[in-house]
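> Here it is, the structure in full.
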Amino acid sequence: MSENQNKPANQNNQTAQGDSSTGGTAILLKEVTKSYPGQVKAAVGGLTLEIPAGSVVMFVGPSGCGKTTTLKMINRLIEPTEGQIIINDEDVTGMDADKLRRSIGYVIQAGGLFPHMTVAANIAIVPKMLGWDKARITARVDELLELVSLDPAVYRDRYPKELSGGQQQRVGVARALAADPPVLLMDEPFGAVDPITRQRLQDELLNIQAELHKTIVCVTHDFDEAMKLGDWIAVFDEGAQLVQYDSPERILAQPANEFVEGFIGSGAALKQLSLQRVRDVTLLQPVTASPGENASDVLSQLQGTGAKHAVVLDARRRPIQWLSTRQLSRMEIISDQVDPSLPQVGESATLNDALDEMLVASSGQALVTGARGAFVGLINVESVTEAIAAARRTNGDHSAPVGLNSGTMAAVAVAAADQGPDDALPLDGDGPDGTSLEDSGVRS
Amino acid sequence: MWNFVTERWQQILFASYQHLSLVVQCLILATVLAVIIAVLTARTPWLAGLANGVSAVGLTIPSFAMIGLMIGPLGFGPLPSVVVVTFFAVLPILRNALVGLNGVPAATVEAARGLGMSRLRTLATVELPMAWPVIMSGIRVSAQMVMGVAAVAAFVLGPGLGTFIFNGLSRLGGANSLNSVVVGVVGVVILALILDLALVGLSRLTIRRGLRV
C-alpha cells in the first residue's frame, strides 16, 4: 500500500494535459511575511510553502492563526509585506492584481454570489472581463452548471435567493472555475451549509478535482474536512507558524506535537478508517461459482481450501449469492436467484464504509465490487485492523512538500533551498509536477 | 372657485409644468450629487459620519429662510430656486445612499475583487446596483419633500405653483385670494402624487429582480 494509491486525484495529474481544461500549476510562497502597522507580532511570519501542482492543500488551524491571510496573499487580496509568491515560475507580487485574480479561481463561504445577477450572469463575470464572445460564454456557463450537477435549463436564469445554500455554493464553485484557472482558492467554502449538504459538496469537489486536476488551496477549521479533501494538510498555529505540513495519513499517524494532536481530536486511529480505501487493503479471494454448477463440486472445492462460504457470480461476474457449506449441501445445482441483502462495498469506498457494512450484516466480511459491479474479492475485519496498524507504522519513506517559517533552524533549510534544486527541495514524490518549482528556486 | 380655475386654466397648467420640471431636474441633479458624495465618503468612517451629520442638520433648516439667504449672493429668478431645491433634495438621497452602500456585505465586495474586478468596476456593477433599492426610496422621500420646497421658490420670483400661493396670501381677504392659495396647494399635492407614481414605476424598472423582496 503506497501513499499514491490513496490519492487518485494526485496520482494521474499529468493526464490533465490531455483534455481541454488546464491542469494546476505549482505555487511557491517564499519567506512571505504580513505585518500590520501597530502590531508587534506579524500575522504571517516568514512563511515558505510549496504547493505542488494539481494537488489539494488544506490550511487548518485555530481562528486568527493567519491561514486566511496566507490564502488571500496568494491572490493578493492582502498584499504581503515581504517575500515572494511564485505561481507557475512567475513572481506575481509585482504584476497587476486584477489581472492576476482573473487567473485564480476564488470561492468564499456561501458562494459570495451577487444577488442582483442571475446564476448565468454570476458565472459569466470573469469570461466577460476577459472579453469572450457571447456564444462561448453561454456554452461555458452550461458546461459548468453540468459540472457542478445543476441542470442548466432549470438554474441558468434563477437568482441566488431562489437557490438553496448548497446550490449557491455550487454556483460559487462554477463561477470560480469559469475561465478555467489553474489555481483555485477556497476560503472555508463549506462552512455555511448543513452537514449532509457539506458532505455531498465535498464529494462533488473531489469528483471535479479528479476530472480537472487543479491546484486547490482550501482554508478550513474542520480537521475532518481537511483529511477528506486534502492531498496535503498544513497545520498552522498563531502567526501562520507552520506546525506540520504532510499527508493526512502521516499527520494522523505521527502528529508533530501536542498542538497537532489536539487539533486532530480524539480517535485518530478511527479517522484512519475514513482515509483509506477498500482497494488499498489486501483482499481475500474466496471460492467462486456460477449458476448451473453442481453444488457438490463447489462443496469439494471449499473443503479443499478450508473455507466455509462460496460466492456465486452471474455472467458479468457480479455477486448474486453467498452460500455457506450448509446451504450448498442442501442443494444439487446452484440456482441463479439474486440475494438482495448481500453485504457489498465498492472498491473506492472507505474502510469506514466497509466496516459499517460488515457490522450491519453481522458477518464480519463484505463482498468488494469493482468496475461495473464486478466482484474483486472479500474484505474482513482482520484485514481492516491490519491496514490501520500498517498505516500507523509507516514512516518517512516519502517526502512531503517544503513548508517552514524562517527563523531558528528553519532558516538553514530556506538558504539551502535557494542554492539549487538537487539537494534542496524535497519534492513531492509524484515527480513531474515538481520540476517547475525547482526552476523557480534557481532563478530567484 | 370653478370659474377661477377655468379662467386661468392655461396659466395653472403652465405653472404646474414649470413646478414639476423644476423638481424633476433638481431631483436628477441631486441624485447624481448625492451618489457621488456617498461613494466618496462611504469607505471612510469619519467622512461618512460627517456627511450623515450634514444631511441631518440640513433638514432642520427652514427652506423659507434658506431661500431668503440666497437672494444676497444669487439674486432673484430660477437660479436660487434650483440651488435651494437641489440642496434639500440631496439630503435624504445622500443619507440613503450611505446606508445602501454600507449595506453591501464586505464579503460580496471581496468576492468581486477576488474575481479580478477593479475598484471602479466593483462599484458600478456590484455596489451601486445592490444599493440602488435603498437609494431609490431616498429619491422618493426627497421628491415628496422638495415638491413643497419648490413652492417657496416663488418668493424669489422662481417658477412654479408657489406664485399662486404667495399671490393669494399677500392679498388675503381680497377677491379670489383664497381660491388662488387653494389652487396652489392642491396643485402641489396632485403633482406630488403623480411624481411618486412615476417613481414607483421607475423603481420597478430599475431594481433588478434578484433584489426585490
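Chains as they are written, first to last, in this note's numbering: chain U, 36 to 479; chain H, 19 to 231.
Virtual Cβ for every residue (Gly too), placed ideally from N, Cα, C.
Got a sec? Which residues, its chain only, sit under 7 Å from phenylalanine 149(U) by beta carbon, not counting five neighbours each side?
Along the first sequence, read from residue 1 onward, the residue named residue 149(U) stands at position 114. For phenylalanine 149(U), where only same-chain residues beyond five positions count, the Cβ hits under 7 Å are Asn157.
> In chain order, what residues of the same chain lie with their CB nearer than 8 Å to the CB of methionine 444(U), ignoring the 5 residues before and after it?
Residue mapping note: residue 444(U) aligns to position 409 of the first sequence, counting from 1. Since pLDDT at methionine 444(U) reaches only 40, below the 50 mark, its modelled position is unreliable, and no value is offered.
> What's the C-alpha gap between asparagine 110(U) and arginine 285(U)?
Taking the first sequence and counting its residues from 1, the one referred to as residue 110(U) is at position 75. Taking the first sequence and counting its residues from 1, the one referred to as residue 285(U) is at position 250. Each residue's Cα considered, the two are about 29 Å apart.
> Between Trp357(U), Met262(U) and Val176(U), which has its C-alpha nearest leucine 308(U)'s C-alpha?
Numbered from 1 along the first sequence, position 273 holds the residue referred to as residue 308(U). With distances taken between Cα atoms, leucine 308(U) lies closest to Met262(U).
> For a contact defined as C-beta to C-beta under 8 Å, what are the partners of arginine 205(U) on chain H?
Counted from its first residue, the first sequence places residue 205(U) at position 170. None at all; the shortest Cβ gap to chain H is about 15 Å.
> When DSSP builds the beta bridges, which residues end up paired with isoleucine 122(U)?
Position 87 of the first sequence, counted from the start, is the residue given in the question as residue 122(U). Per DSSP, Ile62(U) and Glu125(U).
> Compare the C-beta of histidine 256(U) against all C-beta atoms of chain H and say whether one is closer than 8 Å.
As a working note, residue 256(U) is residue 221 in the first sequence. Cβ-Cβ to chain H under 8 Å: no for histidine 256(U).
> In whole angstroms, what separates the C-alpha of leucine 217(H) from that of alanine 174(U)?
Mapped onto the second sequence, residue 217(H) falls at position 199. Mapped onto the first sequence, residue 174(U) falls at position 139. Their Cα atoms are separated by approximately 38 Å.
> Straight-line CA distance for valine 449(U) to leucine 64(U)?
Here the question's residue 449(U) lines up with position 414 in the first sequence. Here the question's residue 64(U) lines up with position 29 in the first sequence. Reliability of the predicted coordinates at valine 449(U) is poor, the pLDDT of 39 falling under 50, and no value is obtained from them.
> Under 8 Å Cβ-Cβ, which residues of chain H neighbour leucine 112(U)?
As a first step, residue 112(U) is located in the first sequence; it is residue number 77 there, counting from the start. In chain order: Glu128, Arg131 and Gly132.
> Could you check whether the Cβ of phenylalanine 149(U) sits closer than 8 Å to any Cβ belonging to chain H?
Reading the first sequence from its first residue, position 114 is the one you call residue 149(U). True, the Cβ-Cβ gap to chain H drops below 8 Å.
> Since isoleucine 160(U) meets chain H, which of its residues come closer than 7 Å, beta carbon to beta carbon?
Working through the first sequence from its first residue, we reach residue 160(U) at position 125. Simply Leu133.
> Quick one: is proline 283(U) near chain H, going by C-beta distance under 8 Å?
Counting from one through the first sequence, the residue named residue 283(U) turns up at place 248. So, not an interface residue.
> In the segment 136-156 of chain H, which residues sit with their C-beta less than 7 Å from some C-beta in chain U, listed in chain order?
The segment 136-156 of chain H vs chain U, Cβ under 7 Å: Ser136, Val144, Pro147 and Met148.
> Drop a sphere of 10 angstroms on the beta-carbon of arginine 210(U), count the other beta-carbons inside from all chains shown, and report buried for 16 or more, exposed for fewer.
Against the first sequence, residue 210(U) aligns to sequence position 175. By the 10 Å Cβ count, arginine 210(U) comes out buried.
> Are the beta-carbon atoms belonging to histidine 256(U) and serine 441(U) less than 8 Å from one another?
Your numbering for residue 256(U) matches position 221 in the first sequence. Your numbering for residue 441(U) matches position 406 in the first sequence. No, they are not a contact pair.
> In the DSSP assignment, the beta strand (DSSP E) including aspartate 281(U) goes from what residue to what residue?
Reading the first sequence from its first residue, position 246 is the one you call residue 281(U). Taken as a continuous stretch (DSSP letters only), the beta strand (DSSP E) holding aspartate 281(U) covers 276-281.
> Consider the Cβ of proline 224(U): report whether some Cβ of chain H lies at a distance smaller than 8 Å.
Position 189 of the first sequence, counting from 1, holds the residue named residue 224(U). Chain H contact via Cβ: absent.
> Smallest Cα separation from glycine 118(H): which of Phe94(H), Pro98(H) and Thr59(H)?
Walking along the second sequence from the start, residue 118(H) turns up at place 100. Taking only the C-alpha atoms, the option nearest glycine 118(H) is Thr59(H).
> Any idea what DSSP makes of phenylalanine 410(U), helix, strand or coil?
In the first sequence, residue 410(U) corresponds to position 375, counting from 1. In this structure, phenylalanine 410(U) counts as strand in the three-state DSSP scheme.
> Can you tell me whether tryptophan 167(U) is helix, strand or coil according to DSSP?
Stepping through the first sequence from its first residue, residue 167(U) is reached at position 132. Three-state result, tryptophan 167(U): coil.
> Specify the secondary structure class of serine 359(U) as computed by DSSP and reduced to three states.
Taking the first sequence and counting its residues from 1, the one referred to as residue 359(U) is at position 324. Looking at serine 359(U) - three-state DSSP - the assignment turns out to be strand.
> Looking at the structure shown, is valine 252(U) part of a helix, part of a strand, or coil, going by DSSP?
In the first sequence, counting from the first residue as 1, residue 252(U) sits at position 217. Three-state DSSP puts valine 252(U) in a strand.
> If you count every other CB in all the chains shown that lies within 10 Å of the CB of serine 99(H), and 16 or more means buried, which is it?
Counted from its first residue, the second sequence places residue 99(H) at position 81. So serine 99(H) counts as buried.
> Give me whichever residues DSSP pairs with histidine 15(U) in a beta bridge.
Since the first residue shown for chain U is 36 and the last is 479, residue 15(U) is missing from the structure and cannot be characterised.
> Return helix, strand or coil for valine 122(H), following the three-state DSSP convention.
Looking up residue 122(H) in the second sequence gives position 104. Coil, per DSSP.
> CB alanine 17(U) to CB leucine 390(U), shorter than 8 Å?
Chain U is shown only over 36 to 479; residue 17(U) falls outside these bounds and no answer can be derived.
> Give the interface partners of arginine 136(U) over in chain H, defined as CB-CB distance under 8 Å, in chain order.
Here the question's residue 136(U) lines up with position 101 in the first sequence. Under the 8 Å cutoff, chain H gives Arg131, Gly132, Leu133 and Gly134.
> Looking only at DSSP bridge pairs, what is asparagine 142(U) linked to?
To locate residue 142(U), count along the first sequence from 1; it is residue 107. Going by the sequence as given, residue 142(U) is valine instead of asparagine. Note: valine 142(U) sits in a beta bridge opposite Met221(U).
> Can you have a look at glutamine 320(U) and say buried or exposed, based on whether 16 or more other CB atoms are within 10 angstroms of its CB?
Locating residue 320(U) in the first sequence gives position 285, counting from the first residue. That one is exposed.
> At least one CB of chain H closer than 8 Å to the CB of isoleucine 143(U): is that the case?
Position 108 of the first sequence holds residue 143(U). Judged by the 8 Å Cβ criterion, isoleucine 143(U) is in contact with chain H.
> When the Cα of valine 108(H) is compared with those of Gly134(H), Ala52(H), Gly76(H) and Ser34(H), which residue comes out closest?
Looking up residue 108(H) in the second sequence gives position 90. Residue Ala52(H) is the option with its Cα nearest to valine 108(H).
> Can you tell which of Ile355(U), Val278(U), Val419(U) and Glu367(U) has the C-alpha that lies nearest to the C-alpha of threonine 83(U)?
Within the first sequence, residue 83(U) is the residue found at index 48, counting from 1. Measuring from the Cα of threonine 83(U), the nearest candidate turns out to be Val278(U).
> Kindly indicate if chain H contains any beta-carbon less than 8 Å away from that of glutamate 194(U).
As a working mapping, residue 194(U) is identified with position 159 in the first sequence. Position check: residue 194(U) holds tyrosine in this sequence, whereas glutamate was assumed. Output row for tyrosine 194(U): interface = yes.
> On the DSSP letters alone, give me the boundaries of the alpha helix (DSSP H) that leucine 247(U) sits inside.
Residue mapping note: residue 247(U) aligns to position 212 of the first sequence, counting from 1. 230-247 is the span of the alpha helix (DSSP H), which, as asked, contains leucine 247(U).
> Can you list, in chain order, the residues of its chain whose CB lies under 8 Å from that of arginine 478(U), leaving out five sequence neighbours each side?
Mapped onto the first sequence, residue 478(U) falls at position 443. Its pLDDT being 38, under 50, arginine 478(U) is placed unreliably in this model, and the coordinates cannot settle the point.
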